[in-house]
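Using the working numbering, you'd call the opening residue of the sequence shown number 12 and step up by one each time. The beta-carbon is built from N, C-alpha and C at its ideal position, and this holds for glycine as well.
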Amino acid sequence: MLEITSLSSETCLGVDFAAIYRSSSLYETNKELAKRLSSPPIGAKPLEFHTQFAQNGWGQFKACLWKQYWSYWRSPSYNLMRFAFLIISSLCFGALYWNQGTNL
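Structure (structure tokens):
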């Protein structure tokens, strides 16, 4: 749907979809609905939270760690490059210090 309502499609068709939407009854309905839902109902108690944050510090830390864990393992190109760098650097250091253990 987005490629249909793009600026290039509007230019080719000679139609302004934003103007059509603004003049439609759907726009007015959505505008009224947004206005009605943006204020609390009459007689409703104001929102009250027991703490400032939804989770304590430890819970937030665990959630961030969990997200980082999955982000890390979902990037195979990054992990492949790390593994390749590990192999190359291991070979370089191995060749550099070959037979050096007896010459301390």
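Enclosing alpha helix (DSSP H) for residue i [first to last residue]
| i | result |
| --- | --- |
| Ala45 | 36-48 |
| Ile53 | Taken as a continuous stretch (DSSP letters only), Ile53 belongs to no alpha helix (DSSP H), as it is neither H nor E. |
| Thr22 | 18-24 |
| Tyr32 | 28-33 |
query: Where are the alpha helix (DSSP H) runs, 4 residues long or more, that stay fully inside the region 57-94, in chain order?
result: Within the region 57-94, the complete alpha helix (DSSP H) segments of 4 residues or longer fall at 68-84, listed in chain order.
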